[in-house]
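Trainee: If you read the protein sequences in the order shown, they are chains Z and L.
Quick note: the first sequence uses the working numbering, first residue 23, plus one each step.
Quick note: the second sequence uses the working numbering, first residue 94, plus one each step.
Would you mind keeping the following structure in view while I ask a few things?
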Amino acid sequence: MDTVDTMGTAVRVSLVEDELMLRRMLEQLLHSRPGVALVHSVGGFQEARLVMTPGSTDVAIVDVQLGDGDGVALGARLQRADPDVGVLLLSCHDAMPAFLLAQETATKPWSYLSKRSSFAITTLTRAIAAAAAGEQVVDPYLVERSSARSDTQVSRLSPAQFRVLALVSQGRTNDWIAGELGIAVRSVENHLLAVYRILGLDSDGHNRRVLATLAFLQQTSRYPAT
Amino acid sequence: MIRRLAAATSPTGVVTLVGLLNAVLFALMAFAHWVGWGGPDGLESSGMTPGQVTATSVFVVVVDLVCAFAAVSLVVLTRPLGRRWRYRLGAVLTVSAAVAVVRVAALGDVGRPVTLVDDVLDGAATGLGYVVALVGALLVADLVVAYEAQMRARTAAEVASARQVARLEAQEGVRRRLVADRLHGAVQNRLVLLAAGIDQVVERLEPDRPDDAAALRRIADQLAEVSERDVRALSHELFPTAVDVSVVRAVRTLLDRLPPSVAGALDLGPTYRDLVDHGTDDPIVLPDRLVVVDTVEEALTNALKHGRAHRVRVRLDVERCVAGDAPLWLVGVVRADGRGPSGHVVLGGLERLRSRLAARGGGLHLTGDERGSVLRFDLPLRTAASPEDTLPGDCVP
Ligand SMILES: Nc1ncnc2c1ncn2[C@@H]1O[C@H](COP(=O)(O)OP(=O)(O)OP(=O)(O)O)[C@@H](O)[C@H]1O
Ligand SMILES: [Mg+2]
Numbered sequence: 023m024d025t026v027d028t029m030g031t032a033v034r035v036s037l038v039e040d041e042l043m044l045r046r047m048l049e050q051l052l053h054s055r056p057g058v059a060l061v062h063s064v065g066g067f068q069e070a071r072l073v074m075t076p077g078s079t080d081v082a083i084v085d086v087q088l089g090d091g092d093g094v095a096l097g098a099r100l101q102r103a104d105p106d107v108g109v110l111l112l113s114c115h116d117a118m119p120a121f122l123l124a125q126e127t128a129t130k131p132w133s134y135l136s137k138r139s140s141f142a143i144t145t146l147t148r149a150i151a152a153a154a155a156g157e158q159v160v161d162p163y164l165v166e167r168s169s170a171r172s173d174t175q176v177s178r179l180s181p182a183q184f185r186v187l188a189l190v191s192q193g194r195t196n197d198w199i200a201g202e203l204g205i206a207v208r209s210v211e212n213h214l215l216a217v218y219r220i221l222g223l224d225s226d227g228h229n230r231r232v233l234a235t236l237a238f239l240q241q242t243s244r245y246p247a248t
Numbered sequence: 094m095i096r097r098l099a100a101a102t103s104p105t106g107v108v109t110l111v112g113l114l115n116a117v118l119f120a121l122m123a124f125a126h127w128v129g130w131g132g133p134d135g136l137e138s139s140g141m142t143p144g145q146v147t148a149t150s151v152f153v154v155v156v157d158l159v160c161a162f163a164a165v166s167l168v169v170l171t172r173p174l175g176r177r178w179r180y181r182l183g184a185v186l187t188v189s190a191a192v193a194v195v196r197v198a199a200l201g202d203v204g205r206p207v208t209l210v211d212d213v214l215d216g217a218a219t220g221l222g223y224v225v226a227l228v229g230a231l232l233v234a235d236l237v238v239a240y241e242a243q244m245r246a247r248t249a250a251e252v253a254s255a256r257q258v259a260r261l262e263a264q265e266g267v268r269r270r271l272v273a274d275r276l277h278g279a280v281q282n283r284l285v286l287l288a289a290g291i292d293q294v295v296e297r298l299e300p301d302r303p304d305d306a307a308a309l310r311r312i313a314d315q316l317a318e319v320s321e322r323d324v325r326a327l328s329h330e331l332f333p334t335a336v337d338v339s340v341v342r343a344v345r346t347l348l349d350r351l352p353p354s355v356a357g358a359l360d361l362g363p364t365y366r367d368l369v370d371h372g373t374d375d376p377i378v379l380p381d382r383l384v385v386v387d388t389v390e391e392a393l394t395n396a397l398k399h400g401r402a403h404r405v406r407v408r409l410d411v412e413r414c415v416a417g418d419a420p421l422w423l424v425g426v427v428r429a430d431g432r433g434p435s436g437h438v439v440l441g442g443l444e445r446l447r448s449r450l451a452a453r454g455g456g457l458h459l460t461g462d463e464r465g466s467v468l469r470f471d472l473p474l475r476t477a478a479s480p481e482d483t484l485p486g487d488c489v490p
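Below is the structure:
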């Protein structure tokens with residue numbers, strides 16, 4: 023899934039990043055993508071507040087730490103004004119607690135990438151598509167270094183189940199996961215059902231992938247014991 | 094004694110109280126004196142019935158008490174406090190003489206052979222008694238006033254030094270924050286940019302030279318690691334992560350960094366929840382936030398280091414004060430399992446936090462047993478209302 027454009031119309035993206043060099047590089051990347059229309063590119067909280075009027079943006083890419091304010095507060099504010107806005111949070115460090123706090127009031131699941139990953143065009147595109155569609159992509163580096171906290175539901179997953187959940191958290195489809203792990207799609211589905219059961223996600227809601235991802239992030243640590 | 098008196102009454106009250114006490118004692122002494130020198134016997138021998146003798150004795154006591162009360166009231170009415178002693182002595186002498194004359198006149202010839210000499214002697218003794226009682230009262234009141242002034246000066250000095258500490262802390266906070274921001278902005282972003290640049294080279298290199306690509310990727314990983322771990326740790330030392338946004342986010346960040354073997358949780362009390370509204374737009378001023386977050390961090394570190402805890406629970410709530418100038422108090426409790434403190438505890442990090450909390454009007458208390466530890470702390474909250482404590486750029490619109 024390399025392109026964002028699913029309905030024939032381009033996804034309107036706004037970028038809020040205070041580091042000028044990073045912003046220019048991301049602008050270039052976004053301009054090079056078919057199916058993405060960069061409608062606003064601004065350097066801070068206040069500018070974004072003024073420029074990004076409700077209805078003008080499908081996905082807001084927001085740096086978590088802006089020179090003049092907090093990116094998470096900005097994302098929440100944008101969604102309050104327009105519940106259909108998707109938010110993709112960018113951070114040059116692990117801002118997982120801020121991301122998880124934001125999910126408590128999000129009208130649509132957010133996605134989260136480290137800046138390093140955001141320069142990988144395929145990852146960036148995937149995250150934009152997910153944010154627009156109400157799905158969730160979480161940074162592969164952060165997910166890959168996560169280990170289960172003791173005495174949690176996630177700690178009761180088998181290694182295979184843990185692996186599948188980690189890939190789901192990165193926003194991968196079942197087909198892709200099957201290919202990556204060299205197993206049948208059916209097996210991926212079975213692993214996932216077991217994961218949902220262990221995490222207590224019994225209802226068949228379509229956001230179970232998102233709920234499972236949040237549980238994964240809440241119940242894992244990205245800081246090995248020293 | 095003086096302290097109690099000062100706390101209980103105004104200086105004028107003290108004059109009245111001590112003056113009355115002295116004057117009443119004096120009146121009782123005079124009465125005892127009268128009895129001792131045979132006053133009642135004299136009355137009886139002059140042909141009174143025992144009932145009449147009792148009535149007369151009561152009359153004498155009542156006159157003495159009324160006169161004492163009058164003397165004290167009249168002196169208080171001249172507002173002697175804060176006046177020179179010349180004025181005070183003038184007032185005391187005038188009042189004493191006048192009341193003594195009235196007393197002698199009121200008692201008239203009750204039970205005494207009345208000669209002019211007797212009256213003059215009696216009046217002089219009474220007047221002198223009033224003078225002693227009233228001057229004594231004024232002296233005590235002076236002591237109280239001096240004590241109060243001293244206390245006020247000390248409180249003012251304490252307030253001034255607390256302000257000074259708070260100002261320095263605020264300045265220090267601004268500088269630390271600037272440096273921490275630079276570390277984040279300039280250094281971390283540069284490192285991330287370098288890692289991303291290497292990633293792009295790696296992608297091009299991968300098909301033809303996979304070994305070089307793998308080696309390069311490891312270098313990029315290390316750069317990212319330096320940015321994430323080392324720079325981040327430095328920046329956190331200077332300025333706890335996310336404390337510029339909210340206490341909740343900063344504490345969640347601390348809990349997130351606990352090792353995987355330790356379970357951490359944050360509970361917010363209902364009042365706190367109302368106050369902070371989803372963890373953004375924290376109304377608590379930055380210097381207060383810094384103390385709170387530093388205290389929680391110290392408690393967590395101690396729980397792991399000394400208590401070998403596996404579960405820690407942080408609770409934050411706000412209590413509304415009924416009286417006093419800080420209507421909101423933040424109350425924090427950090428509970429941990431493991432081995433709690435036992436025996437004599439020598440404070441290190443907690444002592445520094447105790448004095449920081451105290452400088453802002455709060456405190457902390459550590460308890461525990463072999464099943465765990467509980468650290469409680471509290472702090473009167475300054476919310477956005479007092480701008481002198483608010484740092485520039487502190488507010489999220
Ligand atoms: N959670 C806890 N469990 C068990 N003992 C504790 C706990 N917290 C504090 N203590 C005891 O109280 C003492 C004082 O703690 P404090 O944090 O003031 O100093 P420290 O940790 O020894 O030194 P520093 O904080 O400077 O590294 C500790 O040495 C320890 O004995
Ligand atoms: Mg300590």
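All C-beta atoms, glycine included, are put in the ideal place defined by N, C-alpha and C.
Nearest chain Z C-beta to H399 (chain L) closer than 8 Å, yes or no?
Mentor: Stepping through the second sequence from its first residue, residue 399 (chain L) is reached at position 306. With 8 Å as the cut-off, H399 (chain L) does not count as an interface residue toward chain Z.
Trainee: Helix, strand or coil: how does DSSP classify Y365 (chain L) here?
Mentor: Taking the second sequence and counting its residues from 1, the one referred to as residue 365 (chain L) is at position 272. Residue state, collapsed to three classes: helix.
Trainee: Given the structure, does E444 (chain L) come close to ligand 2, in the sense that its CB is under 7 Å from one of the ligand's heavy atoms?
Mentor: In the second sequence, the residue the question calls residue 444 (chain L) occupies position 351. No - ligand 2 has no heavy atom lying nearer than 7 Å to the Cβ of E444 (chain L).
Trainee: From G91 (chain Z) to V280 (chain L), what distance separates their C-alpha atoms?
Mentor: Within the first sequence, the letter at position 69 stands for residue 91 (chain Z). Within the second sequence, the letter at position 187 stands for residue 280 (chain L). Whole-angstrom Cα-Cα distance: 19 Å.
Trainee: Within its chain, find whatever has a CB closer than 7 Å to the CB of G372 (chain L); leave out the 5 residues flanking it on each side and keep chain order.
Mentor: Reading the second sequence from its first residue, position 279 is the one you call residue 372 (chain L). A caution first: G372 (chain L) carries a pLDDT of 47, below 50, which makes its placement in the model too unreliable to give a value.
Trainee: May I ask you to list, following chain order, the residues of the segment 246–262 of chain L that have a beta carbon less than 8 Å from some beta carbon of chain Z?
Mentor: Those would be none; no residue qualifies.
Trainee: State the beta-bridge partners of Q87 (chain Z) as determined by DSSP.
Mentor: Start at 1 with the first residue of the first sequence, and residue 87 (chain Z) comes out as number 65. Beta-bridge pairing links Q87 (chain Z) to Z:D92.
Trainee: Alpha carbon to alpha carbon, how far is L123 (chain Z) from L236 (chain Z)?
Mentor: The residue you call residue 123 (chain Z) lines up with position 101 of the first sequence. The residue you call residue 236 (chain Z) lines up with position 214 of the first sequence. The straight-line gap from Cα to Cα measures roughly 11 Å.
Trainee: In the DSSP output, what is F470 (chain L) paired with across the bridge?
Mentor: As a first step, residue 470 (chain L) must be located in the second sequence, where it is residue number 377. In the DSSP output, where bridge partners are listed per residue, F470 (chain L) has L:G425, L:L457.
Trainee: Quick test of your reading: G465 (chain L) and G433 (chain L), contact by CB under 8 Å. State the CB separation rounded to the nearest angstrom.
Mentor: Translated into positions along the second sequence, residue 465 (chain L) becomes position 372. Translated into positions along the second sequence, residue 433 (chain L) becomes position 340. About 5 Å separates the two Cβ atoms, so the contact holds.
Trainee: Taking only three categories from DSSP, how would you classify H62 (chain Z)?
Mentor: Here residue 62 (chain Z) corresponds to residue number 40 of the first sequence, with the count starting at 1. Correct three-state label for H62 (chain Z): strand.
Trainee: Would you say A336 (chain L) and C114 (chain Z) are within 8 Å of each other, going by their C-beta atoms?
Mentor: Working through the second sequence from its first residue, we reach residue 336 (chain L) at position 243. Working through the first sequence from its first residue, we reach residue 114 (chain Z) at position 92. In the sequence under discussion, the amino acid at residue 336 (chain L) is Val, which differs from the Ala named in the question. Contact: no.
Trainee: Name the residues in the segment 113–143 of chain Z whose C-beta lies less than 9 Å from a C-beta of chain L; which are they?
Mentor: Listed by position along the chain: C114, H115, D116, A117, M118, P119, A120, L122, L123, A124, E126, T127, S136, K137, R138, S139, S140, F141, A142.
Trainee: Provide the residue span of the alpha helix (DSSP H) that contains L227 (chain L), from first to last.
Mentor: Translated into the one-based positions of the second sequence, residue 227 (chain L) becomes position 134. Segment 209–275, the alpha helix (DSSP H) holding L227 (chain L).
Trainee: Please tell me whether G372 (chain L) has its Cβ less than 8 Å away from any Cβ of chain Z.
Mentor: Mapped onto the second sequence, residue 372 (chain L) falls at position 279. No answer about G372 (chain L) holds up, because its pLDDT of 47 lies below 50 and its placement is not dependable.
Trainee: Which one or two residues does DSSP pair with R404 (chain L) in a beta bridge?
Mentor: Indexing the second sequence from 1 puts residue 404 (chain L) at position 311. R404 (chain L) is bridged to L:A356.
Trainee: Assign D430 (chain L) to one of three DSSP states: helix, strand, or coil.
Mentor: Translated into positions along the second sequence, residue 430 (chain L) becomes position 337. In this structure, D430 (chain L) counts as coil in the three-state DSSP scheme.
Trainee: Can you check whether the CB of E49 (chain Z) is closer than 8 Å to the CB of D85 (chain Z)?
Mentor: In the first sequence, the residue the question calls residue 85 (chain Z) occupies position 63. In the first sequence, the residue the question calls residue 49 (chain Z) occupies position 27. Contact flag unset, no.
Trainee: Return yes when at least one heavy atom of ligand 1 lies under 7 Å from the C-beta of P378 (chain L), else no.
Mentor: Position 285 of the second sequence, counted from the first residue, corresponds to residue 378 (chain L). Here residue 378 (chain L) is Val; the residue named in the question, Pro, does not match the sequence. Not so, every heavy atom of ligand 1 lies at least 7 Å from the Cβ.
Trainee: Return the first residue and the last residue of the beta strand (DSSP E) that L110 (chain L) is part of.
Mentor: Position 17 of the second sequence, counting from 1, holds the residue named residue 110 (chain L). Here L110 (chain L) belongs to no beta strand (DSSP E); instead the alpha helix (DSSP H) covers 104–129.
Trainee: Just to check my reading of the structure: V153 (chain L) and L200 (chain L) have Cβ atoms closer than 8 Å, yes? What is that Cβ distance to the nearest angstrom?
Mentor: For this step, residue 153 (chain L) is matched to residue 60 along the second sequence. For this step, residue 200 (chain L) is matched to residue 107 along the second sequence. Between L200 (chain L) and V153 (chain L) the Cβ distance is about 7 Å, and since that is below 8 Å, they are a contact.
Trainee: Around the Cβ of D482 (chain L), are there at least 16 other Cβ atoms within 10 angstroms (buried) or fewer (exposed)?
Mentor: As a working mapping, residue 482 (chain L) is identified with position 389 in the second sequence. Here D482 (chain L) scores only 39 on pLDDT, less than 50, and its place in the model should not be relied on; the value that follows carries that caveat. When all chains shown are included, D482 (chain L) counts as buried.
Trainee: Name the DSSP bridge partner or partners of T242 (chain Z)?
Mentor: Taking the first sequence and counting its residues from 1, one reaches residue 242 (chain Z) at position 220. Paired residue(s): Z:A170.
Trainee: Check whether the segment 375–389 of chain L touches the segment 117–135 of chain L, counting contact only when three or more Cβ pairs, one atom from each stretch, lie closer than 8 Å.
Mentor: The segment 375–389 of chain L vs the segment 117–135 of chain L: no contact.
Trainee: Ordered along the chain, which non-local residues of its own chain (more than five positions away) have a Cβ less than 6 Å from that of N16 (chain Z)?
Mentor: This structure does not reach residue 16 (chain Z), given that chain Z is present from 23 up to 248, and the question cannot be answered.
Trainee: Are L472 (chain L) and V385 (chain L) closer than 8 Å when you measure CB to CB?
Mentor: Taking the second sequence and counting its residues from 1, the one referred to as residue 472 (chain L) is at position 379. Taking the second sequence and counting its residues from 1, the one referred to as residue 385 (chain L) is at position 292. The answer is yes: Cβ separation under 8 Å.
Trainee: With distances taken Cα to Cα, identify the nearest neighbour of V197 (chain L) among L:V210, L:L186, L:V185.
Mentor: Within the second sequence, the letter at position 104 stands for residue 197 (chain L). The candidate whose alpha carbon is nearest that of V197 (chain L) is L:V210.
Trainee: Based on Cα-Cα distance, which residue from L:E412, L:P333, L:A396, L:Q315 lies nearest to G362 (chain L)?
Mentor: Locating residue 362 (chain L) in the second sequence gives position 269, counting from the first residue. When each option's Cα is compared against that of G362 (chain L), the closest is L:E412.
Trainee: Kindly provide the ranges of any alpha helix (DSSP H) runs that are 4 or more residues long and lie completely inside the segment 172–237 of chain Z, ordered along the chain.
Mentor: Runs of the alpha helix (DSSP H) inside the segment 172–237 of chain Z: 181–191, 196–203, 207–220.
Trainee: Nearest to T129 (chain Z) by CA position, among Z:G156, Z:L42, Z:L112, Z:A142, is which residue?
Mentor: Position 107 of the first sequence holds residue 129 (chain Z). For the residues Z:G156, Z:L42, Z:L112, Z:A142, the minimum Cα distance to T129 (chain Z) belongs to Z:G156.
Trainee: So, using beta-carbon positions, are D80 (chain Z) and R34 (chain Z) closer together than 8 Å?
Mentor: Here residue 80 (chain Z) corresponds to residue number 58 of the first sequence, with the count starting at 1. Here residue 34 (chain Z) corresponds to residue number 12 of the first sequence, with the count starting at 1. Contact: yes.
Trainee: Below 8 Å between beta carbons: does that hold for G57 (chain Z) and A32 (chain Z)?
Mentor: One-based indexing of the first sequence puts residue 57 (chain Z) at position 35. One-based indexing of the first sequence puts residue 32 (chain Z) at position 10. Cβ distance < 8 Å, so G57 (chain Z) and A32 (chain Z) count as in contact.
Trainee: Shorter than 7 Å, the distance from the beta carbon of S448 (chain L) to the closest heavy atom of ligand 1, or not?
Mentor: Sequence index remark: in the second sequence, residue 448 (chain L) carries index 355 (1-based). Answer for S448 (chain L): no, Cβ out of range of ligand 1.
Trainee: Who are R34 (chain Z)'s beta bridge partners in DSSP?
Mentor: Taking the first sequence and counting its residues from 1, one reaches residue 34 (chain Z) at position 12. According to DSSP, R34 (chain Z) bridges with Z:A59.
Trainee: Among Z:A70, Z:P76, Z:S140, which one has its Cα closest to the Cα of L110 (chain Z)?
Mentor: Here residue 110 (chain Z) is taken as the residue at index 88 of the first sequence, counted from 1. When only C-alpha atoms are compared, the closest one is Z:S140.
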